[in-house]
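Protein sequence lines, in the order shown, are assigned to chains V and E.
Its first residue numbered 1, the first sequence is counted upward by one per residue in my numbering.
Its first residue numbered 321, the second sequence is counted upward by one per residue in my numbering.
Below is one structure, written out as structure tokens, with a few remarks after it.
There are 2 protein chains.
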Amino acid sequence: MRGALTGREFGMGPSIPLMISVEDVRAAEERIKGRVRRTPLLEAGPSTFFKLEYAQHAGSFKTRGMFNQILAAGPIPPAGVVVASGGNAGLAAAYAAGRLGVPAEVFVPETAPPVKVAKLGKLGARVTQVGAEYAEAAAASAVHAEQTGALFLHAYDDPGMVAGNGTLGLELLDDLGFDTVLVAVGGGGLAAGVAAALADRPVNVVGVEPENCPTLRGALDAGAPVDVPVGGVAADSLGARRIGLLPYQIMVLTGMASLLVDDPAIVEARRRLWDDYRIVVEHGTAAAYAALTSGAYRPADGERVVVLLCGANTNPGDLA
Amino acid sequence: MRGALTGREFGMGPSIPLMISVEDVRAAEERIKGRVRRTPLLEAGPSTFFKLEYAQHAGSFKTRGMFNQILAAGPIPPAGVVVASGGNAGLAAAYAAGRLGVPAEVFVPETAPPVKVAKLGKLGARVTQVGAEYAEAAAASAVHAEQTGALFLHAYDDPGMVAGNGTLGLELLDDLGFDTVLVAVGGGGLAAGVAAALADRPVNVVGVEPENCPTLRGALDAGAPVDVPVGGVAADSLGARRIGLLPYQIMVLTGMASLLVDDPAIVEARRRLWDDYRIVVEHGTAAAYAALTSGAYRPADGERVVVLLCGANTNPGDLA
């Protein structure tokens, strides 16, 4: 028994080809080599391992995806790149563009906190604040891309993004032998990338979602990506309204399960990462660990479980 | 050229035997095996590596030394162990004693912050608050050991402590090939242990001290351990009044240099660890990195430098 909520038979691989193949992820790895950090692995306990991906440039795994999304797109237009995100995607895009010497325009709502806007500016991005809500900023960013010819970067629903994030899965294979990896799901770009990278391996990729941001569960229940209500402590990083279509298709084909954790369990898991390991992560990232600490995922005896600690763009002040 | 401030010829080894031999450190490694975490290594930049020892049990390297100090002492007296420290040594002693099922008594001054006292209690230690100053608590702890027969644990000036901390040096050898390791110095128990572990290797161990806690520099200038004025941002972890005699002797025999960094450089280095790597450490630990960021230590081209990030018993609130 490998935990109650797993739907995939090991080693079989998906029955039809995935939209993102292992070769696509290998190509991404080649493309972003030397531009991203190889992040460390901590043996956190017997058969439990943390992948410390929050130490990635710009504080999250999205830097892998953004580099790949930009580099896979071919020649970069003179207008550079554009993204709509005041969070991890925006930071990763701004960082990657800066390193590549490409102009980056980041659209955020007028309500975006000044500290986030300042961070993006520090990374060299031009920040445009438009509209009262995220949707308005996103719409404006699409118009901007259309008008200027800038390369539009998606935060998760893009083949380059998924393949780039998937390089984390290949790195894990090189780090250790393991049975299961727990991944937080929001838009789904990370979990799908890791699932694609590991599709031909006898490894179990489990998606973990806050009860308050159940994009995968909502899609699985409806049979297709649908808008779900999002909120709670992890909404800043996992608050996509619906799961990306491409990530969802990969998840379905690889039989990924959705495991739900509640907000108190997430807060407790984040606190325990600090108390027991002096690790600071976002609430969204802590959701993956909450699957273990809350008992939502119960590994079998000797099952080797990796928890992807994928982002730390968070305020550490509340851990004081 | 390997940085201006190094006094040792590589590969020669000390000219007379050290008080702590490599074999002593190997014996310590065997003794504490399975009780301490093997901590990860992060490739932080070209030829720069961080050893993430702050993720050790109880938040610092001292857990290595405390386990070894207790286990090397032979049968543990019924009264258990006693230590005087509200900081890393106290936490490490309380943790190790707790895991070994041994009573631990921790003496701290009446002025110790309630949060520290609570942490020690949570680890299962009995906390006694005595006197207005540290020296009074320390004196009371010695009387307690005398009266009860409890094993007195020293925070740094003890062969078991030095050898136990030195296991970090052996772990580094197993982690990677490197030329230089930067270590923060307070009482000297870590730097001496690492120097002892690496004594027969062509590796440069550099001690880094806050200008405001210059225990090694003071001793080197005076030709023997002497009291020095201590204060500033790193005093909570590096604020020993004088360097331990045993650590000092090892440092002299291995030709360890003292590199001084000022408080603003330490604060800046700690901030950069958070901004660039999402790593939270104590100010004392950040001192080691400050040697690089301030330019106090300038590696030669291609020189592989490890920074020991050795403790994170800190309030992350000021990084918000």
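C-beta: ideal position from N, C-alpha, C; glycine also.
Asked: What are the boundary residues of the beta strand (DSSP E) that includes Val-526/E?; Found: 524-530
Asked: Quick one: Cα of Ala-140/V to Cα of Val-127/V, how far?; Found: 12 Å
Asked: If Ala-104/V sits next to Ala-97/V, beta carbons under 8 Å apart, how far is it from one beta carbon to the other, in whole angstroms?; Found: 4 Å
Asked: Whose C-alpha, out of Gly-480/E, Ile-586/E, Ile-563/E, Gly-400/E, is nearest the C-alpha of Gly-543/E?; Found: Ile-563/E
Asked: Give, in chain order, every residue of the region 219-252 of chain V whose Cβ lies closer than 8 Å to some Cβ of chain E.; Found: none
Asked: Tell me which residues share the same chain as Gly-317/V and place their Cβ nearer than 6 Å to its Cβ, disregarding the 5 neighbours each side in the sequence.; Found: none
Asked: Can you list, in chain order, the residues of its chain with a C-beta nearer than 8 Å to that of Val-553/E? Leave out the 5 residues immediately preceding and following it.; Found: Pro-530, Asn-532, Asp-583, Ile-586, Val-587, His-603
Asked: Can you tell me which residues form a DSSP beta bridge with Arg-126/V?; Found: Glu-105/V
Asked: Are the C-beta of Ala-457/E and some C-beta of chain V separated by less than 8 Å?; Found: no
Asked: Excluding the five sequence neighbours on either side, which residues of its own chain have a C-beta within less than 8 Å of the C-beta of Gly-239/V, listed in chain order?; Found: Gly-186, Cys-213, Val-230, Gly-231
Asked: Can you grab the Cα-Cα spacing for the pair Glu-373/E / Val-525/E, in whole Å?; Found: 17 Å
Asked: Quick one: grab the DSSP three-state call for Gly-631/E.; Found: strand
Asked: Alpha carbon to alpha carbon, how far is Ala-384/E from Leu-443/E?; Found: The sequence as given places Arg at residue 384/E; Ala does not occur at that position. Answer to the nearest angstrom: the Cα atoms are 16 Å apart.
Asked: If we count the other Cβ atoms within 10 Å of its Cβ and call it buried at 16 or more, is Pro-522/E buried or exposed?; Found: exposed
Asked: Going straight from the alpha carbon of Gly-302/V to that of Ala-611/E, what length do you get?; Found: 43 Å
Asked: My assumption, with CB atoms under 8 Å, is that Val-108/V sits in contact with Gln-129/V. Please give the rounded CB distance.; Found: 6 Å
Asked: If we define contact as Cβ-Cβ less than 8 Å, is Val-600/E a contact residue for chain V?; Found: yes
Asked: So, does the CB of Arg-357/E fall closer than 8 Å to a CB anywhere in chain V?; Found: yes
Asked: Let me know the secondary structure DSSP gives Val-503/E once reduced to three states.; Found: strand
Asked: Under 8 Å: do the region 74-85 of chain V and the region 137-151 of chain V share three or more Cβ pairs, one atom per stretch?; Found: yes
Asked: Closest to Leu-151/V by C-alpha separation, out of Ala-93/V, Thr-167/V, Lys-33/V, would be which residue?; Found: Ala-93/V
Asked: Start and end of the beta strand (DSSP E) containing Ala-84/V?; Found: 81-84
Asked: Determine the extent of the beta strand (DSSP E) in which Gly-365/E is found, giving its start and end residues.; Found: 361-365
Asked: Give the secondary structure of Val-625/E by DSSP, where H, G and I count as helix, E and B as strand, and everything else as coil.; Found: strand
Asked: Decide yes or no for the touch test of the region 59-73 of chain V against the region 375-393 of chain E: beta carbon pairs closer than 8 Å, at least 3 of them.; Found: no
Asked: Are the beta-carbon atoms of Gly-482/E and Ala-432/E separated by less than 8 Å?; Found: Looking at the sequence itself, residue 482/E is Val, so the reference to Gly does not match. Result no, Cβ atoms of Val-482/E and Ala-432/E do not sit closer than 8 Å.
Asked: On the criterion of 16 or more Cβ atoms from any shown chain inside 10 Å, does Pro-398/E qualify as buried, or is it exposed?; Found: exposed
Asked: For Val-548/E, is the classification buried or exposed, using 16 other Cβ atoms within 10 angstroms of its Cβ as the cut-off for buried?; Found: buried
Asked: Who are the neighbours of Leu-361/E on chain V, taking C-beta pairs under 7 Å?; Found: Pro-40
Asked: Of all the options Glu-430/E, Gly-441/E, Ala-465/E, which has the alpha carbon lying nearest to the alpha carbon of Ala-452/E?; Found: Glu-430/E
Asked: Determine, using beta carbons only, whether Pro-316/V comes closer than 8 Å to chain E.; Found: yes
Asked: What span of residues does the beta strand (DSSP E) with Thr-48/V cover, start to end?; Found: 48-52
Asked: Quick check on Ala-372/E - is its C-beta less than 8 Å from some C-beta in chain V?; Found: This sequence places Leu at residue 372/E; Ala is not what is there. Output row for Leu-372/E: interface = yes.
Asked: Give the residues of chain E in contact with Glu-277/V, contact being defined as C-beta atoms less than 8 Å apart.; Found: The sequence as given places Tyr at residue 277/V; Glu does not occur at that position. Those within 8 Å of Tyr-277/V in chain E are Ala-375.
Asked: By alpha-carbon positions, which one of Gly-149/V, Leu-91/V, Thr-148/V, Gln-147/V ends up nearest to Gly-121/V?; Found: Leu-91/V
Asked: Which class does Leu-471/E belong to by DSSP, given the choice of helix, strand or coil?; Found: strand
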